Amino acid sequence: MLHKTRGIVLKVTDYGETSVIVQIFTEKFGLQSYIINGVKKPKARITRNMLQPLHLLDLIVYYKNSGAVQRIRELKNSPLLLHIPYEVVKSSIALFLNEVLYKAVKQQTADEQLFEYVFKGIELLDNITEGLANFHLLFLIGLTRYLGFYPDVTSITNADYFDMRNGVFTRYKPESDQFLSPPHTYNFYQLLALGFDNLTSINLSNDERRYLISRILEYYALHIEGFGYIQSHEVLEEVLS
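Residues in the sequence shown are numbered consecutively from -10, following my numbering.
Here is the structure:
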């Protein structure tokens, strides 16, 4: 049966001489794998260039509730990304976020709120001109709301620490070593309190940004089984510095 859905490209793997298997986070079906034949042929209807990391798609797909590799009837880039593929900073941010999303988004069922957050975030990244150095920090913190481990801010008053294991702010130093302490606690809370409209008002040094992203990734690893190590953030921070 054919279905229309939006999608976000997360990973492409070569399959045979001219085909690929592409993993797409879809609005209707969650994360799905699709085989596309002939993408490397000169006159291919769907080309490899249309399947770049985080490209946004309109799809007509076949769907069987079997967990097997699916097939695509029609695919087009919509909206077309005008800046991410061609600007070094934006493409570096996109590659980093793509790696995180690939490890964090695993469900094969619809999650329209999560999908909408990611889709709109990619559109925003493509269009903004200021505050890029802070975008990935805000995006990852906002993403935790949809992944189920958004920090609890109810005890933020006079809190000196953020307990990453339990996801809460606290006045007292946690027993584990997985926490933020001053001044990082305040900076982390500022990122929570401010949205994408305030990207340019967040003043962080390069060192502080590096520190916070490493701890945010640690926070992800604590709450997502098998999350592992993210390689691309070191390259990204070099680009941003």
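Backbone N, C-alpha and C fix where the C-beta goes; we use that ideal spot for every residue, glycine too. Quantities reported herein were computed from a predicted structural model and do not represent experimental measurements.
Neighbourhood of residue i by C-beta distance below 6 Å, restricted to the same chain and skipping five residues each side
i       : result
Tyr139  : Thr133
Val58   : Ser22, Ile24
Gln97   : Gly19, Leu20
Val1    : Val9, Val11, Leu40
Lys(-7) : Ile49
Ser230  : Asn195
Ser203  : none
Residues of its chain near residue i, where Cβ-Cβ distance is below 7 Å and the 5 sequence neighbours each way are ignored
i      : result
Pro74  : Gln41, Ser80
Leu64  : Ile35, Met39, Leu46, Leu48
Leu113 : Phe185
His44  : Val(-2), Asn66, Leu70
Val224 : Ser81
Tyr110 : Looking at the sequence shown, residue 110 is not Tyr but Gly. Closer than 7 Å at Cβ, skipping near neighbours: Phe128.
Phe104 : Phe14, Glu16
Ala148 : Phe158, Thr159, Arg160, Thr174
Asn87  : Leu(-1), Pro42, Leu43
Ser221 : Leu84, Phe85, Glu88
For residue i, the three-state DSSP class (helix, strand or coil)
i       : result
Tyr135  : helix
His125  : helix
Val58   : coil
Tyr51   : strand
Asp115  : helix
Gly110  : helix
Glu105  : helix
Asn38   : helix
Lys79   : helix
Val89   : helix
Leu20   : strand
Leu(-1) : strand
Phe73   : Sequence check: residue 73 is Ile here, not Phe. Coil at Ile73, not helix or strand.
Residue(s) in a DSSP beta bridge with residue i
i       : result
Phe158  : Phe151
Tyr65   : Here the sequence assigns Lys to residue 65, which means Tyr is not the residue at that position. Its beta-bridge partners are Asp47.
Leu(-9) : Tyr51
Asp141  : Val157
Val94   : Paired residue(s): none; Val94 is not in a bridge.
Ile130  : According to DSSP, which records beta bridges pairwise, Ile130 is partnered with nothing at all.
Thr15   : Gly(-4), Gly19
Ser8    : Tyr4
Neighbourhood of residue i by C-beta distance below 8 Å, restricted to the same chain and skipping five residues each side
i      : result
Gly217 : Lys92, Ala210
Ala83  : Pro42, Leu43, Ile73, Ile111, Leu114
Leu181 : Ile130, Pro140, Val142
Tyr135 : Asp100, Gln102, Leu103, Tyr106
Glu214 : none
Val77  : Val228
Ile61  : Tyr23, Ile25, Ile35, Leu48, Ile49, Val50, Tyr51
Exercise. Kindly confirm or deny that the region -10 to 9 and the region 18 to 30 touch, where touching means at least three C-beta pairs closer than 8 Å.
Key: With a cut-off of 8 Å, the region 18 to 30 and the region -10 to 9 count as touching, because enough Cβ pairs lie within range.
Quiz prompt | Sequence ranges, alpha helix (DSSP H) only - wholly within the region 167 to 227, length at least 4 | solution = Runs of the alpha helix (DSSP H) inside the region 167 to 227: 173 to 182, 195 to 212.
Quiz prompt | Cβ pair count under 8 Å reaching 3, the region 158 to 175 against the region 201 to 220 | solution = The region 158 to 175 vs the region 201 to 220: in contact.
Quiz prompt | Any 3 or more C-beta pairs closer than 8 Å across the region 171 to 188 and the region 120 to 131 | solution = As far as the Cβ criterion goes, the region 171 to 188 touches the region 120 to 131, which means the pair count is three or higher.
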